[in-house]
Structure formats: C-alpha cells, structure tokens
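The structure appears right after this line, and notes come after that.
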Amino acid sequence: ITRRKKLNALLILIAMMTAAPEDGSLIFIENGNKTVQRYTNSNITHVAIILKEQDKFYVYEAVPPKVRKISLDKFYEEIEKLNKHHKNNIRKIWFAYPDKSFSAIEREKIVEYLNSQVGRKYGVSSWINGESNNKIHCGQLVEEALKKAGFNISKNPCVDSPIDVWNNTKKLYQKRILH
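Each residue of the sequence shown is one higher than the one before, starting from 1160 at the first, in our numbering.
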C-alpha cells in the first residue's frame, strides 16, 4: 500500500469518527456494492437513517440478512473494517442533514415504523417486481419511514434505489456532506 492510500484511509477514518450527525440524518454509502452500482448506474449504493436515543445515535438499515438497528459507532467500525479489507474500493460516507427537525409526531411515526421493521428479511425482489412483499431493501426502508411521517417523496418506494432516495430527498435534506 502506498503512503497516499494509507493517508487517505486515515483521513476517512478520522472524518467518520468526528462526524456529527443530527437526529433524522440520512447516511449514504458511496462505492459500497459493485452489484448495486451496476444495476443502478450509480456509485451511491446504500442508504440508512440515523436517530438519536438517549444521547446516542443509532443507524436503522436494511442489509442482508435483515433490517437492523446498530449504534453509529458500530456502523463506523464496520465501514472501517470493510475499507481495510477492500483497499481498492474505499467506501465513502455522506450525511444528508434534515432542513428542519422533525416534529414530535413525525419522529414518533418514523421510530415506530423503523422499530416494527427491525428483523424483517432483506431482499430486492420488491425492487425487481415493484410490489411490496415480506422482504425490504435499504431505499424502500428509508422512504417508507419518511412516508409514515407524511413525507410522500416517492410514488413507489419499492422501486427506489439509494440514488433514487438521494434525489427524492433533496427538498427535505439539502445539506449533504462527505465524511
């Protein structure tokens, strides 16, 4: 490994560990999955949502094998580990910050929905056939959560990939920063 690659990896790690998300922020992963890149024609390959609970941030995401809720610290550790093992394909994290805080009712609906989805099987069959089923993918999870709070940003969240979520949420999340 060249010095430059080591320095870049270190800078990404420092940025990840010092990033300060806000409650309701979205996380987008760039360069996370070659298959998603190929089928969506985009480097944005994953999306998740961050919520703060008792002064700690948690990430809700649909990943194989199922929807999960993990601490933001654990999420960073996993990205760091993946980046160490796949040095030619460094994953980059983008935060999309909400333009305004969710109301208590909006937030409650989002949390209720996301908690009800934890443990649901991951799958892309709804993306392929355009109909909801017993499996869910990352774009669908985030857009359905926002829909529960009254933000109808998509006609059919089943068919929306991470880059679609990126584009569909621009009015709610204008500030986007690479971390």
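Every residue gets a Cβ at the ideal spot worked out from N, C-alpha and C, and that includes glycine.
{"query": "Buried or exposed by the 16-neighbour rule on C-beta atoms within 10 Å, applied to Ser-1262", "result": "exposed"}
{"query": "Counterpart residues of Ser-1285 in DSSP-defined beta bridges", "result": "Paired residues: none, contrary to the question."}
{"query": "Sequence-distant residues of the same chain with beta carbon closer than 7 Å to Ile-1203, five excluded per side", "result": "Phe-1187, Glu-1189, Pro-1321, Ile-1322 and Trp-1325"}
{"query": "Boundaries (first-last residue) of the alpha helix (DSSP H) holding Lys-1268", "result": "1263-1276"}
{"query": "Span of the alpha helix (DSSP H), counted from its first residue to its last, around Lys-1419", "result": "For the chain, the structure presents residues 1160 to 1338; residue 1419 sits outside this window and is missing."}
{"query": "Contact belief for Leu-1273 with Tyr-1235 at Cβ below 8 Å, rounded distance in angstroms", "result": "At roughly 20 Å, the Cβ-Cβ gap does not stay under 8 Å, so Leu-1273 and Tyr-1235 are not in contact."}
{"query": "Glu-1271, buried or exposed, once every other Cβ within 10 Å from all chains shown has been counted against 16", "result": "exposed"}
{"query": "Whether Ala-1179 touches Leu-1300 by CB criterion (8 Å)", "result": "no"}
{"query": "DSSP-derived helix/strand/coil call for Tyr-1332", "result": "coil"}
{"query": "Gly-1183 vs Pro-1257 beta-carbon contact at 8 Å", "result": "yes"}
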